[in-house]
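A.B. asks: In our numbering, the protein residues as written are 2 to 179.
Built from N, CA and C at the ideal position, the CB exists for glycine as well.
In this text the structure is predicted, and so the values were computed from the model without any measurement.
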Amino acid sequence: DSPWSRVRQAMAWHGHVVVHANWRDWLRAAIADPQLRPLLGARDWQRLNNLQDPEARDRFAASRLLVKHTAGAALQTPPETVELASKAGGRPYLRGCDQIEVSLSHTRDLLVVGLNRRGRVGVDTELADRRIQYSAVQRHLCTPAERRWLGGLDEAEQQRRLVRTWTLKEAYTKALGQ
Numbered sequence: 002d003s004p005w006s007r008v009r010q011a012m013a014w015h016g017h018v019v020v021h022a023n024w025r026d027w028l029r030a031a032i033a034d035p036q037l038r039p040l041l042g043a044r045d046w047q048r049l050n051n052l053q054d055p056e057a058r059d060r061f062a063a064s065r066l067l068v069k070h071t072a073g074a075a076l077q078t079p080p081e082t083v084e085l086a087s088k089a090g091g092r093p094y095l096r097g098c099d100q101i102e103v104s105l106s107h108t109r110d111l112l113v114v115g116l117n118r119r120g121r122v123g124v125d126t127e128l129a130d131r132r133i134q135y136s137a138v139q140r141h142l143c144t145p146a147e148r149r150w151l152g153g154l155d156e157a158e159q160q161r162r163l164v165r166t167w168t169l170k171e172a173y174t175k176a177l178g179q
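(1) Would you check if the distance between the CB atom of Leu-85 and the CB atom of Leu-76 is smaller than 8 Å?
(2) Please report the Cβ distance between Asn-117 and His-17, rounded to the nearest whole angstrom; I am assuming they are in contact, meaning their Cβ atoms lie under 8 Å.
(3) Give the C-beta separation of Phe-61 and Arg-44 to the nearest angstrom, bearing in mind that I take them to be a contact with Cβ-Cβ under 8 Å.
(4) Check whether the Cβ atoms of Leu-28 and Ala-63 sit closer than 8 Å, and answer yes or no.
(5) Going by the beta-carbon positions, is the gap between Arg-9 and Ala-74 smaller than 8 Å?
(6) Helix, strand or coil for Ser-3, going by three-state DSSP, please let me know.
(7) With DSSP collapsed to three states, give me the class of Gly-152.
(8) Measuring alpha carbon to alpha carbon, tell me which of Val-113, Arg-109, Arg-131 and Arg-119 ends up nearest Leu-66.
(9) In angstroms, rounded to a whole number, what distance separates the CA positions of Arg-131 and Leu-105?
(10) Looking at the unbroken beta strand (DSSP E) that takes in Glu-81, where does it start and where does it end?
(11) Quick one: using the 10 Å Cβ neighbour count with 16 as the cut-off for buried, is Asp-59 buried or exposed?
(12) Between the Cα of Glu-156 and those of Glu-81, Ile-133 and Lys-175, spot the shortest distance and give me the residue it belongs to.
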């Protein structure tokens, strides 16, 4: 029972799957693969080589490979046949495969990929200990009811709930395609 067989099962039974990985662990195996260039494809290989920051390059390669392997498992096709592209606004999609929606997120070492064949999908991830200055984001992020609710919490709980609210709203916004 491999992780990829579980991806196939989840897509068959539920119509959606969310996969997460540490991009550094994922990358170690990928970089050693002599088929990295054909697996990434010409477009992503060029994007990879245009990135100047080594960590950004590594994270980009790992994210593309995780999407390709996840989508390949879901579609029961080799990952090198999966081509990831971006719509206007940056929303990822699988070129030539309009039956599966894709969402991707990363924070530090964590990568998250969501696939859904029943509608839009949005994933987001944040560090649980991320500090968000409530006073700076409350008017843009929170509804009046959420501001009242968050305003009544002690600072530690407010931070915890604010990060969770932020993450949920980011995922929702991605699902809407914005």
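C.D. replies: Reading it off the structure:
(1) In the sequence shown, the residue the question calls residue 85 occupies position 84. In the sequence shown, the residue the question calls residue 76 occupies position 75. By the CB criterion at 8 Å, Leu-85 and Leu-76 fall outside the cutoff.
(2) Stepping through the sequence shown from its first residue, residue 117 is reached at position 116. Stepping through the sequence shown from its first residue, residue 17 is reached at position 16. 4 Å between Cβ atoms; contact.
(3) Numbered from its first residue, the sequence shown carries residue 61 at position 60. Numbered from its first residue, the sequence shown carries residue 44 at position 43. No, Phe-61 and Arg-44 are not in contact; Cβ-Cβ is about 12 Å, not under 8 Å.
(4) Taking the first residue of the sequence shown as position 1, residue 28 is located at position 27. Taking the first residue of the sequence shown as position 1, residue 63 is located at position 62. Cβ distance < 8 Å, so Leu-28 and Ala-63 count as in contact.
(5) If you number the sequence shown from 1, residue 9 lands on position 8. If you number the sequence shown from 1, residue 74 lands on position 73. Yes.
(6) Taking the sequence shown and counting its residues from 1, one reaches residue 3 at position 2. It is coil, neither helix nor strand.
(7) Numbered from 1 along the sequence shown, position 151 holds the residue referred to as residue 152. Three-state result, Gly-152: helix.
(8) Numbered from 1 along the sequence shown, position 65 holds the residue referred to as residue 66. The shortest C-alpha separation from Leu-66 is found at Val-113.
(9) Counted from its first residue, the sequence shown places residue 131 at position 130. Counted from its first residue, the sequence shown places residue 105 at position 104. If you take the alpha carbons of Arg-131 and Leu-105, they lie about 19 Å apart.
(10) Residue numbering aside, residue 81 sits at position 80 when the sequence shown is read from its first letter. Element bounds for Glu-81: n/a, residue is neither H nor E.
(11) Sequence index remark: in the sequence shown, residue 59 carries index 58 (1-based). Result: buried.
(12) Here residue 156 refers to the residue found at position 155 of the sequence shown. For Glu-156, the closest C-alpha among the options Glu-81, Ile-133 and Lys-175 is that of Ile-133.
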